[in-house]
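These notes concern the structure reproduced below.
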Ligand SMILES: NC(=O)c1ccc[n+]([C@@H]2O[C@H](COP(=O)([O-])OP(=O)(O)OC[C@H]3O[C@@H](n4cnc5c(N)ncnc54)[C@H](OP(=O)(O)O)[C@@H]3O)[C@@H](O)[C@H]2O)c1
């Protein structure tokens, strides 16, 4: 069995996932970088390997159940462990322009777009958790970070992007349910909002870099045994659900 901690980061080819993969590798983990296309994830992994990081690429569309099963099988066969799961892959499929009605109103949003958004932002994390928790349970230790958003906060829910908001609220519910069920297993499960970051999703006007947004995700991935579970955080500080 691998001696290092093994971290799985989805959506690691770019944006927040790439920064998280680099920082977890810098903290001593072997990072399995999961991406949708071989070309992009191989290139991203090569970039980190060339700067001395222990990372490996893995191709999987996280919305594909058989690809998630194949990922779990590789973890068991090749490494015999999975310590950290960062459910980072996400999509915002609604138009970003406030002037476009579909991005603003729950009354006109295309339910098919909502379903596709759910598939990536909420159901894929559920599948990954179901596939990887058995490994964590075997070793009696684990950290799961669901990369959520303040846009999923029920406390602040208003206007725009209903599909994205509902998917992140569902991810937050998944966080609570999983943390509750794993209470006592030394597996911590938390949701993290990275803040508004300059990535393909966040756009160039965002105030934070991807590296800044990644810090709070890495914090939750490396929590000590007396750290919190079942919470929602930004920069290591609790957020309202
Ligand atoms: N940026 C922000 O301001 C912000 C704020 C709050 C929360 N977040 C959350 O942070 C996470 C990362 O976002 P980001 O800003 O880094 O976005 P991004 O630059 O658009 O990156 C998203 C990543 O997810 C991957 N992905 C999408 N669908 C996938 C699928 N079906 N299977 C595998 N990978 C898939 C993409 O892969 P491809 O390269 O193949 O498309 C890409 O690597 C998301 O969950 C997002 O909701 C972002």
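In the working numbering, the protein residues as written are 6 to 246. Glycine is no exception: its CB is placed at the ideal position from the N, C-alpha and C atoms.
Check, Outcome
"Whole-angstrom C-beta distance between residue 32 and residue 23, which should lie under 8 Å", "That belief does not hold up - the Cβ atoms of residue 23 and residue 32 are roughly 15 Å apart, past 8 Å."
"Short Cβ contact (8 Å threshold) for residue 199 with residue 178", "no"
"Heavy atom of ligand 1 within 7 Å of residue 223 beta-carbon", "no"
"Cβ neighbour criterion (16 or more within 10 Å) applied to residue 103", "exposed"
"Residue 23: first and last residue of the uninterrupted alpha helix (DSSP H) it sits in", "20-31"
"Spatial neighbours of residue 155 in its chain, beta-carbon cut-off 6 Å, leaving aside the 5 residues before and after", "198"
"Extent of the continuous beta strand (DSSP E) run through residue 62", "60-64"
"Cut-off 6 Å between Cβ atoms - residues of its own chain near residue 215, not counting five sequence neighbours on either side", "20, 21, 24, 202 and 204"
"Exposure of residue 111, with buried meaning 16 or more beta-carbon neighbours within 10 Å", "exposed"
"CA-to-CA distance, residue 207 to residue 237, given in whole angstroms", "20 Å"
"Exposure label - residue 242; buried when at least 16 CB within 10 Å", "exposed"
"Outcome for residue 55 when other beta-carbon atoms lying within 10 angstroms are tallied against a minimum of 16", "exposed"
"Residue 206 beta carbon near ligand 1 (any heavy atom closer than 7 Å)", "yes"
"Sheet register partners of residue 151 (DSSP bridge)", "92 and 196"
"Sequence-distant residues of the same chain with beta carbon closer than 8 Å to residue 7, five excluded per side", "35, 84, 85 and 86"
"Three-pair Cβ contact test at 8 Å for the region 89-97 versus the region 118-133", "yes"
"C-alpha distance - residue 209 paired with residue 224, whole-angstrom precision", "25 Å"
"Beta-carbon separation (whole angstroms), residue 77 vs residue 26, contact threshold 8 Å", "Actually they are not in contact, since the Cβ atoms of residue 77 and residue 26 sit about 19 Å apart, beyond 8 Å."
"Residue 239 - containing beta strand (DSSP E), residue span", "237-239"
"Nearest-angstrom Cβ-Cβ length linking residue 97 and residue 166, presumed shorter than 8 Å", "7 Å"
"Whether residue 38 touches residue 49 by CB criterion (8 Å)", "yes"
"Boundaries (first-last residue) of the alpha helix (DSSP H) holding residue 122", "116-123"
"Near ligand 1: residue 132 beta-carbon under 7 Å from a heavy atom", "no"
"Helix, strand or coil at residue 183 [DSSP, three-state]", "helix"
"Boundaries (first-last residue) of the beta strand (DSSP E) holding residue 11", "11-15"
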